[in-house]
Amino acid sequence: MANPPPRPVTLPDEALDALIRVLDAIRHSAGLSRTEIAHRTGLGRAVVAQRVGELVERGLVTDEAVLPSAGGRPPRRLVLNASAGRLLVADLGATSADIALTDLGGTIVAHRAEPADIGDGPDAVLGLVEARFDELLAADPGPLWGIGIGVPGPVEFRTARPVSPPIMPGWDGYAIRERFAARYGAPVWVDNDVNVMALGEWRSGVAAGHANVIFVKIGTGIGAGLITDGQLHRGAQGAAGDVGHIQVLDDPTVICRCGNIGCLEAAAGGGALGRMATEMAARDGNPWLARAMEREGSVSARDVAEAARRGEPGSVELLQRSGRLVGSTLAGLVNFFNPSLIVIGGGVADSGDVLLAAIRETVYRRSLPLATRELVIKRSSLGNLAGVTGAAAMVADELFSLESVARWIDVGAPHDAARLGLSVAS
Ligand SMILES: [Zn+2]
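Have a look at this one:
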């Protein structure tokens, strides 16, 4: 069948709405029969058959035989044609960059990780991302459908611009979308790094199946992403989940990089752990920490976690203190929000059990019994891939939203950012 010429929408609104519901059901599964789709979407079987037919015809969905068949007509299942397009994604932390090429289902095809200091500014950091993107595309030159970026600061999601990010000098209001769209022509979405990590764990990790989740990242800083009633909760301006700047200490010597005093991340984050351990090494002549001090000139949170894993009492005490501070903040959030799952991720959290145990103990002791009756607290299952996994999910969700699909369905693919109404620098 010949491709129809580009024009706004051929499907009536109602049909398009049903098409998206069918596609969403298929995208968020490992394959469904037509009957299962009808069951999940609440649509009639005739409507499902029609919409599935259109999705297969447009190359977005594949109709596969399920093996093996026990005789008779083999059952069929519908799966997303994930290889129809490619996504480029990057998860930028304070000190590291994870960069990946994925398919439309979010499966990582290729991944690069390297140190990158976000404080070097947008030109240096995004230049590095572009160099890696170019390499990944050269190695796998499929059609590029979209780009997703996570950055370690608040982002206004609509415009894809960082808003007064405390640890990102030179990034305030920077036009990240316009930069990548001009270079690659593809539509671009940007969000806070913890939001994309939460999305990653929810779609493909330990939070799958939970509708109300708090994802906490404990790295150099501390932040949280929220899934509420089965949706990422960005808040009115995109600042939701910034729990690192809740005041936990009334100590004028604990100064946060946001400018306030006694913030959770200034008291308990990786930066604070490193600082306290460096002081401890100098003061107590602690052999473990002193050795790290000699090697690197200071002690990092990673050194603390490594020493704690080997039972060094000073390091265990530091991690327990951080865990209690994080835990008491989370206890307040649990009472307020009543999640069924808390996921703890980020570099510091990934490195041992002491911190997680202290968080758990404090949350269960300090929260109301009804709020913790079914509450589970788990470690991230995706680790340093949570961000790129979530960034791919973010892009796929936006590409396959009703609003976007209405703009590109008739040309077969979201060819360019301009078609999706996303600005491109001239
Ligand atoms: Zn702060």
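The sequence shown begins at 72 in the working numbering and counts up one residue at a time.
The C-beta atom is built at its ideal place from N, Cα and C for all residues, glycine as well.
Item                                                                                                                 : Value
Residues whose Cβ lies closer than 5 Å to any heavy atom of ligand 1, in chain order                                 : H316, C327, C329, N331 and C334
Neighbourhood of P76 by C-beta distance below 6 Å, restricted to the same chain and skipping five residues each side : Because the pLDDT at P76 is just 43, under 50, the model does not fix this residue reliably, and the value given afterwards should be weighed accordingly. Closer than 6 Å at the Cβ level, and outside the excluded window around P76, lies no residue.
Contact check, N152 vs G177, beta carbons under 9 Å                                                                  : no
Among A187, E185, V137 and G217, nearest to L172 - alpha-carbon criterion                                            : G217
Spatial neighbours of L147 in its chain, beta-carbon cut-off 8 Å, leaving aside the 5 residues before and after      : It is Arg, not Leu, that sits at residue 147 in the sequence shown. Result list for R147: S104, R105, D134, E135, A136 and V137, in chain order.
A428 vs S393 beta-carbon contact at 9 Å                                                                              : no
Backbone CA spacing between L270 and G356 [nearest angstrom]                                                         : 43 Å
Own chain, CB closer than 7 Å to G368, minus 5 neighbours either side, in chain order                                : none
Whether A310 touches G342 by CB criterion (9 Å)                                                                      : no
R157 beta carbon less than 9 Å from that of L87                                                                      : no
Close-in-space but distant-in-sequence residues of the same chain around R274 (CB under 6 Å, 5 per side omitted)     : A464
Contact belief for V447 with L412 at Cβ below 8 Å, rounded distance in angstroms                                     : 5 Å
Three-state class that DSSP yields for N263 in the structure shown                                                   : strand
Opposing strand residues paired with D205 [DSSP bridges]                                                             : Answer by DSSP bridge pairing: none, since D205 is not bridged.
Collapsed DSSP secondary structure at L87 in the structure displayed                                                 : helix
Straight-line gap, A307 to E227 (C-alpha atoms, nearest Å)                                                           : 9 Å
Rounded Cβ spacing between A348 and D322 (contact assumed at less than 8 Å)                                          : Actually they are not in contact, since the Cβ atoms of A348 and D322 sit about 18 Å apart, beyond 8 Å.
Where the beta strand (DSSP E) containing H182 begins and where it ends                                              : I179 to P186
is_contact[N455, chain D] using C-beta, thresh 9 Å                                                                   : In the displayed structure, chain D is absent; only one protein chain is listed.
Of the listed residues N266, G219 and P236, nearest to A33 (C-alpha basis)                                           : The structure shown has nothing for residue 33, since the chain only spans 72 to 497.
Alpha-carbon to alpha-carbon, H182 and G290                                                                          : 21 Å
Own chain, CB closer than 8 Å to C334, minus 5 neighbours either side, in chain order                                : G315, H316, I317, Q318, V319, V325 and C327
DSSP state of S369 mapped onto helix, strand, coil                                                                   : coil
Span separating the alpha-carbon of R437 from that of T460                                                           : 33 Å
R305 (DSSP reduced to helix, strand or coil)                                                                         : coil
Nearest-angstrom Cβ-Cβ length linking N263 and P225, presumed shorter than 8 Å                                       : 6 Å
Where the alpha helix (DSSP H) containing W479 begins and where it ends                                              : L473 to W479
Short Cβ contact (9 Å threshold) for S40 with E272                                                                   : What is shown of the chain runs 72 to 497, which leaves residue 40 out entirely.
Inter-residue CB distance, G296 and N331 (contact presumed, cutoff 8 Å)                                              : Not a contact, Cβ separation roughly 21 Å.
Beta-bridge partners of D169, as assigned by DSSP                                                                    : D162 and A184
Backbone secondary structure at D174 - three-state DSSP                                                              : strand
Reduced DSSP secondary structure (H/G/I, E/B, other) of V319                                                         : coil
Closest by C-alpha distance to L389, when choosing among P193, L175 and E350                                         : E350
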